[in-house]
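The opening residue of the sequence shown carries number 9 in the working numbering; numbering runs sequentially from there. Even for Gly, the Cβ is constructed at its ideal location relative to N, Cα and C. Bear in mind that the values here come from a model prediction, so they are computed numbers and not experimental data. Here the structure comes first, spelled out in structure tokens, and everything after it is commentary.
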Amino acid sequence: MPLKPIVDAEHRLREKDRSCLAYFSMEFGLATSFYNSFCSLLKPDQHNCIPSNTIFSNYRLADYFFDIRIDKLIDLPIYSGGLGVLAGDTIKTMADYRLPAVGIGILWHSGYFKQRFWYKYGQVPEKMHWHPRSYPGLVPLKNIVKIQLKNESVYLRLWKYYVYNYNRDAVIPLILLDSDVQQNGEHIRGLTDQLYRSDNAWIKIMQRIVLGFGGIAALKELGYNIDIFHLNEGHAVFSFLEHCRGLSPKEIEGEKHKFVYTCHTPVAAGHDRFSQENMRSVLSDEDFALVSSYGREDSGMINLTLLSMNVCSSINAVSKSHQQVMFLQFPEYKDRIRYVTNGVHPYTWISPEFLNVFRQFPAVFEKIDENPMILSRATELKADYSFRRQVWGAHQQNKAKLCGRLEKWNFKEDVFTVCWARRIAGYKRPSLILYDTDKLVEIAKNTGPLQIIIAGKAHPQDNLGFTFISEIMDAIDSLTQHYDYLKVIIMENYDMHLAQALISSVDLWLNNPLPPFEASGTSGMKAILNGVVQLTTLDGWVVEAEDKNIGRIFGYRSDPQHIGNEKNLHMDEDSASLYKNLQEMAALYYRTNRSKEIDFSSPWIDAMINCIAAGAYFNTYRMLDEYKKLIWKIA
Ligand SMILES: *Cc1c(COP(=O)(O)O)cnc(C)c1O
């Protein structure tokens, strides 16, 4: 990787009269297996590789003998799911846009966790051991910053990782904070061990303090001249306290315009609340006074969402539908809640096969390598049979690659393939498609064979998520005798590497969150960039794509006046409607793909093209354009 962009970026961030931005996030999803990343000529440290993952399928014999080889370096293991992937995609786009910006995060020594399946038990989380010091591109700095709490000082080492742009001529530095230094006591050294530990309030608070206080201290230490602080979720809100240290109440008011906040979920577990005692035990009297004046609920609890909304000038939802939900949740803030719909980084998620197709039509996809918004013109090529053939061909190429990896499970590229892959959380309803396995068998027997792929990690302390995985395994196990026409598998350790393989190659992307609890969702956005048709409930980003004919929309619709109950999953009605749509889509698929003889005039291919065109909107280039104009107000 060239050095000049690094020197330039470091210089720009230290210039005096220029608006620079710091983007704070608890997690960053950066995969080294694809898109510009450092690699090393040395053989990767074995601790930084997962050699293989197992599969649990209804072809149990194959599971017993085989697993999937992964001969790649692991993703930087400092994220858990969509929030982190969004942060990584955002940073990459900032680099593409050459923004004067820096990312602030945490170096998680044990990452999130390593997922293992044990039938009949379900998910067994294992501690992940990786070696930051031998991870290519990750550099420990000599700099150590000190932050001051009520009864103790905490020392944090700074690490750096540079995120390159598409052309490798600009970078965004990512600063990672690390409490595992000699000066700290054991209890402090472990703070940056594991992402999202939720079993202990003190650890949760301290992790947020490391990010907030530590982040501001790091920016000072490095001499960066920042005047926009972007909080990706309320986790980072303590940065405001550290930033305002020593200022008068009037001056503090004046600093609020520099802080902006993006809220990412309506789900209760995503909003941090702590007791006053817990807060008081950590924060100095002065800090506690500020936190309780801006962040105390009527119940007396300290709520970081409230705190964020009160100390930031701008409050953002992550989709139009999420804005409506926030209006219901926080009516007093209605005037200030805006939305910028999330996106995905196009050059991370468009597969090389599809980028290659787009490049074959330069008169339509003009400068596709710089301007993903040009994809909206895909619909102009609907009547062009050469385009239709190439779209189908690129899809089949991707699908053949996936089926190659699943060869031992007899996956075939001419069989209709459906995927559900994301974090396992209740409101996302991971087991919906397995709710009535008899019905599924009937569809596969009568309409045509099915291949179903499921993947995702459940938070180790989420008992409901854990239950879902054992339920899914039981359902899969019950289907062993139907294996000839109905293949169902669940894959271990869903990460960006696996996500990329799945989103670009299956025929149908299944997205069935319970409305209105999916604030945005991004995996479907990755899939449409590769012409993968959607079967989805009407929630999150999909509300803005409702009229774009990117597949089928089904199921429960939320009441615009009430949020409803995230525990009432509507499994009966919605699974029935899921099966009806699945059957019809499978029928259309098999009319399109009549074993090797393809009907290139099929509406299925129209839907694939509509998906590609919709990708022009649901990407981080459009997203950053809006943030720049509406929120950050930088050129
Ligand atoms: C994109 C992605 C997600 C987010 O998926 P949603 O559809 O938003 O739930 C989660 N995990 C990984 C590894 C991803 O790549």
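My assumption, with CB atoms under 8 Å, is that residue i sits in contact with residue j. Please give the rounded CB distance.
i, j, result
"L146", "W167", "6 Å"
"D186", "L219", "Their Cβ separation, rounded to whole angstroms, is 12 Å, which puts D186 and L219 out of contact at 8 Å."
"I76", "E35", "Contact doesn't hold; Cβ gap of about 25 Å is too wide."
"K495", "N418", "7 Å"
"Y502", "K465", "6 Å"
"S88", "L203", "6 Å"
"N519", "Q542", "6 Å"
"G90", "T530", "5 Å"
Out of curiosity, what's the CA-to-CA distance linking residue i and residue j?
i, j, result
"D607", "G401", "13 Å"
"W687", "D83", "There is simply no residue 687 to check, as the chain begins at 9 and stops at 643 in what is shown."
"N471", "R437", "14 Å"
"S512", "H19", "39 Å"
"I451", "K328", "35 Å"
"I358", "Y174", "13 Å"
"I63", "I461", "10 Å"
"F362", "G113", "33 Å"
"E634", "D444", "43 Å"
"V245", "C47", "34 Å"
"L81", "L442", "33 Å"
"F74", "A594", "29 Å"
"G96", "M504", "11 Å"
"I323", "H243", "14 Å"
"R216", "F237", "16 Å"
"K24", "I234", "9 Å"
"Y105", "T349", "18 Å"
"P10", "Q191", "35 Å"
"G262", "I155", "23 Å"
"D614", "D377", "24 Å"
"A297", "L291", "9 Å"
"F644", "Y127", "Nothing about residue 644 can be reported from this structure: the residues present for the chain run from 9 to 643 only."
"A507", "F395", "26 Å"
On the criterion of 16 or more Cβ atoms from any shown chain inside 10 Å, does residue i qualify as buried, or is it exposed?
i, result
"Q331", "buried"
"P611", "exposed"
"V15", "exposed"
"Y435", "buried"
"E682", "Residue numbering for the chain in the displayed model covers 9 to 643; residue 682 lies beyond these limits and cannot be assessed."
"E500", "buried"
"N454", "exposed"
"H570", "exposed"
"A371", "exposed"
"S206", "exposed"
"D492", "exposed"
"P568", "exposed"
"R430", "buried"
"N601", "buried"
"D79", "exposed"
"Q368", "exposed"
Counting along the chain, where does the beta strand (DSSP E) carrying residue i start and finish?
i, result
"R165", "161 to 172"
"N151", "147 to 156"
"K112", "Strictly speaking, residue 112 in this sequence is Ile, with Lys absent from that position. I112 -> beta strand (DSSP E) spans 109 to 114."
"K495", "494 to 499"
"D186", "179 to 186"
"K122", "122 to 126"
"Y269", "267 to 270"
"E552", "Here E552 belongs to no beta strand (DSSP E), and DSSP marks it neither H nor E."
"I462", "458 to 463"
"P257", "From DSSP, P257 is part of no beta strand (DSSP E) but of the alpha helix (DSSP H) over 257 to 263."
"F237", "236 to 240"
I need the boundaries of the alpha helix (DSSP H) containing residue i, first residue and last residue.
i, result
"Y31", "That residue, Y31, is in no alpha helix (DSSP H); its beta strand (DSSP E) goes 29 to 33."
"T600", "579 to 600"
"L312", "312 to 319"
"Q404", "393 to 413"
"P354", "354 to 357"
"C619", "611 to 622"
"I224", "209 to 229"
"A325", "No alpha helix (DSSP H) holds A325; the beta strand (DSSP E) holding it covers 322 to 325."
"P133", "From DSSP, P133 is part of no alpha helix (DSSP H) but of the beta strand (DSSP E) over 130 to 134."
- Item | At least 3 beta-carbon pairs within less than 8 Å: the stretch 378 to 395 vs the stretch 615 to 634 | Taking a contact to require three or more Cβ pairs closer than 8 Å, the stretch 378 to 395 and the stretch 615 to 634 qualify as touching.
- Message: For the structure I just gave you, are there three or more beta carbon pairs, one from the stretch 585 to 595 and one from the stretch 557 to 572, closer than 8 Å?
- Response: With the cut-off at 8 Å, the stretch 585 to 595 and the stretch 557 to 572 touch.
- Query: Does the stretch 537 to 545 come close enough to the stretch 470 to 490 that 3 or more CB-CB pairs lie under 8 Å?
  - Reply: Inter-segment contact for the stretch 470 to 490 and the stretch 537 to 545 is absent: fewer than three beta-carbon pairs are separated by less than 8 Å.
- Message: Would the stretch 520 to 535 count as touching the stretch 327 to 343 if we require 3 or more Cβ pairs under 8 Å?
- Response: With a cut-off of 8 Å, the stretch 327 to 343 and the stretch 520 to 535 count as touching, because enough Cβ pairs lie within range.
- Query: Are the stretch 277 to 289 and the stretch 306 to 321 in contact at 8 Å, needing three or more beta carbon pairs?
  - Reply: Cβ pair count under 8 Å is three or more, so yes.
- Item | Stretch pair the stretch 96 to 112 + the stretch 47 to 67: three plus CB contacts closer than 8 Å | Touching, no.
- Is it true that the stretch 150 to 164 meets the stretch 220 to 227, where meeting means three or more beta-carbon pairs spaced less than 8 Å apart? Taking 8 Å as the limit for Cβ pairs, the verdict is that the stretch 220 to 227 does touch the stretch 150 to 164.
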